[in-house]
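Below you'll find the structure, written out as structure tokens, and then a few comments.
There are 2 protein chains.
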Amino acid sequence: MHARFHAPAAERTGDVVELPHDEAQHLVRVLRLKVGAAVRIFNGRGAEFDGVVAKASKDGARVRVEQSRAAVPEARVAVTLAQAVLKGDKMDDIVRDAVMMGVAAIQPLVTARTEIALAALGRGHRRERWQRIAVSSSKQCGRAVVPAVLEPRTFTDASEALWDQAREATSGSALPGLLCVEPTASADVISMGDLESAPPLASTIIVGPEGGWTAAEITAGSSACRLVTLGPRTLRADAMAIIALTALLTRWREL
Amino acid sequence: MHARFHAPAAERTGDVVELPHDEAQHLVRVLRLKVGAAVRIFNGRGAEFDGVVAKASKDGARVRVEQSRAAVPEARVAVTLAQAVLKGDKMDDIVRDAVMMGVAAIQPLVTARTEIALAALGRGHRRERWQRIAVSSSKQCGRAVVPAVLEPRTFTDASEALWDQAREATSGSALPGLLCVEPTASADVISMGDLESAPPLASTIIVGPEGGWTAAEITAGSSACRLVTLGPRTLRADAMAIIALTALLTRWREL
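Chains as they are written, first to last, in our numbering: chain A, 11 to 265; chain B, 11 to 265.
This is how it looks when you write it as structure tokens:
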């Protein structure tokens, strides 16, 4: 298969589009492709095309957009992973895996027991790094969509936003969020198999940090979210996202 | 919570049992526990007990078995993960994750595109290493069972054994194995949601190497296994086991 590049400017056949800096570097320096080489491009918003390299030099690369191709289908339910930022580089792998599992967006969270502050995430340009990882993962897993990595926010802000959504939703509809908790966290905990098998249009699944949630967070979260558990075993914090996303997609017949 | 140790000799309250070498080292040198310290022990076959350290010295550790405790429940279906050995140390993480997901056993496989030979696995004592990782993962995830890591075998031998099982099974019952394949591998590919939601007593899920299956392997496998796929995206080889196990357990209402 031809090499695949993220070309956000590609909209229609016949366009000649500039690749972003990282993508041009990959084309020119790593793969050493020349003018005339056949490639695949996707615009990150769901469109996929054949392409031909129109310029490949140190100062950039351009691709001519050829015929459009069927893109890998996206899940019918737009899942946002709201993930507490974990220690070290673990969040990098979580972003990569979540994109591979088909999420619509990733919301990094700072919780009571998160060991890094919002300001430090900003100074370290972590969101920008995670967005680059999302592009790279979309390239590898074949998606034509690049999920947005949103600005990190506190769990309090995120759960209030979900609470507003829950209030605006028509009465009787399910709560929009799912908070992953230990089986013993509350009497109201349900398992994945207790969820409706018909998927909602959108859902947010919230995964906590290494140290887990505080009692206050579980109380705050339970007003906007259902509390779900992932079985009786103790799961590593950095494996919870891929397990939760796989379980959700299976429950909703997307796997 | 008290530290937890694997004590294979623990059978009943009142016994005083020797810990295996690695466990004794962990108790004495890492955690520096002394005689009289309260611990938890599990025998690897499903029993869990309170314990009290009865000896802790350079040449070993003994624990007195106190009252038995309720163990973390095991899944109702005994799932064997048959996993093609991946490059480098990736198999270590797969063993760790598979134990955490509740497998009954792990069968390392050598396939046509596996880059290491059976003989080399034997010389490197890889099975013994993976079995130690399984013990360590059971300790961490809270299981009282340590899944067996079986002697590595070829895919051909493993699929013939499954074919024998399929022949012996009562007519009309489902094939015992599930072979994870790309969606395009065959016209007979089913998705996880197509599996019966009632779990069998036992099942083997087979995951391939980085380079995938040969056409001959898919043909051989399909006589003893159903061909299942895990959605339209290209999954990393080292993530397939945790995704396949999570999807199976969700389908069978074990999550």
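For each residue, glycine too, the CB sits at the ideal point set by N, CA and C.
Check your understanding: Is proline 157 (chain A) near proline 118 (chain A), with beta carbons less than 7 Å apart?
Key -> no
Exercise for review: Taking glutamate 170 (chain A) as part of the alpha helix (DSSP H), name the residues at either end of that continuous run.
Suggested key: 165 to 178
Practice item. Examine chain A for any beta-carbon lying closer than 7 Å to the beta-carbon of proline 83 (chain B), and answer yes or no. Key: yes
Review point. When the cut-off is 7 Å and only beta carbons count, does isoleucine 253 (chain B) lie next to chain A?
Key: yes
Review point. How many angstroms separate the CA atom of histidine 42 (chain B) from the CA atom of aspartate 69 (chain B)?
Key: Rather than histidine, the amino acid found at residue 42 (chain B) in this sequence is arginine. The straight-line gap from Cα to Cα measures roughly 14 Å.
**Study point:** glutamate 58 (chain B) versus serine 196 (chain A): straight-line alpha-carbon distance, rounded
**Key:** 25 Å
Check your understanding: Is it true that the region 138 to 151 of chain A meets the region 197 to 216 of chain A, where meeting means three or more beta-carbon pairs spaced less than 8 Å apart?
Key -> no
Check your understanding: Hey, would you say arginine 243 (chain A) sits closer than 7 Å to methionine 250 (chain B), going by beta carbons?
Key -> no
Exercise for review: Give me the Cβ distance between proline 266 (chain B) and alanine 212 (chain B), rounded to the nearest whole Å; I'm assuming they're in contact under 8 Å.
Suggested key: There is simply no residue 266 (chain B) to check, as chain B begins at 11 and stops at 265 in what is shown.
Practice item. Hey, could you find the ends of the beta strand (DSSP E) arginine 50 (chain A) is sitting in? Key: 48 to 52
**Study point:** Of the residues A:Ala129, A:Val95, A:Ala66, A:Leu265, the one placed nearest leucine 205 (chain B), counting alpha carbons only
**Key:** A:Leu265
Check your understanding: Can you tell me whether DSSP reads valine 113 (chain A) as helix, strand or coil?
Key -> coil
Practice item. List the residues of chain A whose Cβ lies closer than 8 Å to the Cβ of alanine 249 (chain B), in chain order. Key: Asp107, Met110, Ile252
Check your understanding: Can you list, in chain order, the stretches of the alpha helix (DSSP H) that have 4 or more residues and sit fully within the region 66 to 128 of chain B?
Key -> 100 to 110
Practice item. Starting from the N-terminal side, write out each stretch of the beta strand (DSSP E) that is 3 residues or longer and does not extend beyond the region 23 to 48 of chain B. Key: 26 to 28
Check your understanding: DSSP three-state call for threonine 256 (chain A): helix, strand or coil?
Key -> helix
Review point. Within the 7 Å Cβ cut-off, does methionine 11 (chain B) reach chain A?
Key: no
Check your understanding: Do the CB positions of glycine 112 (chain A) and alanine 80 (chain A) come within less than 7 Å of each other?
Key -> no
**Study point:** Own chain residues within Cβ distance below 6 Å of phenylalanine 52 (chain B), not counting five before or after
**Key:** Glu58, Ala154
**Study point:** threonine 229 (chain A) (DSSP reduced to helix, strand or coil)
**Key:** helix
Check your understanding: Given that a residue counts as buried once 16 or more other Cβ atoms are within 10 Å of its Cβ, and exposed if not, what is histidine 135 (chain A)?
Key -> exposed
Review point. Which residues in chain B sit within 7 Å of serine 201 (chain A), going by Cβ to Cβ distance?
Key: Leu265
Check your understanding: Quick one: which chain B residues come within Cβ less than 8 Å of threonine 260 (chain A)?
Key -> Met202, Gly203, Thr256, Ala257, Thr260, Arg261
Check your understanding: Are the C-beta of leucine 96 (chain A) and some C-beta of chain B separated by less than 7 Å?
Key -> no
Practice item. Thinking valine 120 (chain B) and valine 95 (chain B) are a contact (beta carbons under 8 Å), I'd like their distance in whole angstroms, please. Key: 6 Å
Point to revise | Segment limits, beta strand (DSSP E) that includes alanine 212 (chain B) | key: 212 to 217
Practice item. Check the Cβ of glutamine 150 (chain B) against every Cβ in chain A and list those closer than 7 Å, keeping chain order. Key: Thr244
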